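Structure record follows, encoded as structure tokens.
Residue numbers (this note's numbering): -12 to 216.
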């Protein structure tokens, strides 16, 4: 199994450390909303666009670990890709860590295969992590937010609190059993895009903890590569 090694700053109650962590598995959890009515409405919208209904809910899409990156530039083939802000869980030995990333996806390929559409793109993650135990007591209050720069204008693209998503323990139990395997990174799902899913030349995302008064922010420019056959 291939391993991707990424350097993170890990923030805990005892201070901040910088560590290079091995990532052996990347998994994208989908259809993780707590509201079944909103979830089914979104499924129907995607079915109208040709996206196949998920076999299970939640569902777990396995990707190559090499697709995880902290780079500030993402190169994508064609202009049909876009990002989505999501919380990220990472198991490193005895520690469960939480961060924030973007599930960048090829929307044209999504109608063919959701797994393929995600595998075609790198998945940016912020180079900072929190200890999960430090936020578990107020998890539902954590805010995810994304801004997209479209035609030179920066707009609010997504925003919501984690009480709209399935709790991490439920996601882990449904997909992996007792705990996330060591070296596994899992993206935890996302909110609807304000104004609809659309491409952008830049995508900025953040996770804010209003209880502890801190945020993790990251962003990336999207470079569109031409498709010539």
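For each residue, glycine too, the CB sits at the ideal point set by N, CA and C. Here the structure is a predicted model, which means the values were calculated and not measured.
Taking the continuous beta strand (DSSP E) assigned at residue i, which residues delimit it?
i	result
residue 94	Counting along the chain, residue 94 falls outside any beta strand (DSSP E), though it belongs to the alpha helix (DSSP H) covering 94 to 97.
residue 49	46 to 50
residue 16	12 to 17
residue 140	140 to 148
residue 89	82 to 89
residue 152	Residue 152 -> no beta strand (DSSP E), and no H or E assigned at all.
residue 60	60 to 64
residue 130	130 to 137
residue 171	171 to 174
residue 78	72 to 79
residue 117	115 to 118
Between which two residues does the alpha helix (DSSP H) harbouring residue i extend?
i	result
residue 159	155 to 163
residue 104	101 to 106
Based on the DSSP output, what are the partners of residue i in its beta bridges?
i	result
residue 7	-6
residue 202	195
residue 53	The partner list for residue 53 (beta bridge, DSSP) is empty, contrary to what the question assumes.
residue 68	93
May I have the straight-line CA-CA distance separating residue i from residue j, to the nearest angstrom?
i	j	result
residue -4	residue 151	27 Å
residue 149	residue 216	41 Å
residue 104	residue 11	20 Å
residue 189	residue 59	10 Å
residue 34	residue 40	6 Å
residue 82	residue 180	32 Å
residue 46	residue 18	7 Å
residue 202	residue 132	11 Å
residue 121	residue 214	45 Å
residue 184	residue 99	17 Å
residue 217	residue 198	Residue coverage of the chain in this structure runs from -12 to 216, which leaves residue 217 outside it and unanswerable.
residue 30	residue 37	11 Å
residue 167	residue 23	25 Å
residue 21	residue 146	16 Å
residue 48	residue 160	16 Å
Could you check how far apart the C-beta atoms of residue i and residue j are, in whole angstroms? I think they sit under 8 Å.
i	j	result
residue 52	residue 176	About 20 Å; that fails the 8 Å criterion.
residue 191	residue 129	The Cβ separation is near 17 Å, so there is no contact.
residue 111	residue 205	7 Å
residue 153	residue 106	With a Cβ gap of about 23 Å, residue 153 and residue 106 do not count as contacting.
Please tell me whether residue i and residue j are closer than 8 Å, where the distance is taken between their beta carbons.
i	j	result
residue 72	residue 85	no
residue 93	residue 68	yes
residue 77	residue 8	yes
residue 113	residue 140	no
residue 89	residue 212	no
residue 186	residue 109	no
residue 210	residue 97	no
Given the structure, does residue i come close to the ligand MG, in the sense that its CB is under 7 Å from one of the ligand's heavy atoms?
i	result
residue 67	This structure lacks the ligand MG, and indeed carries no ligand of any kind.
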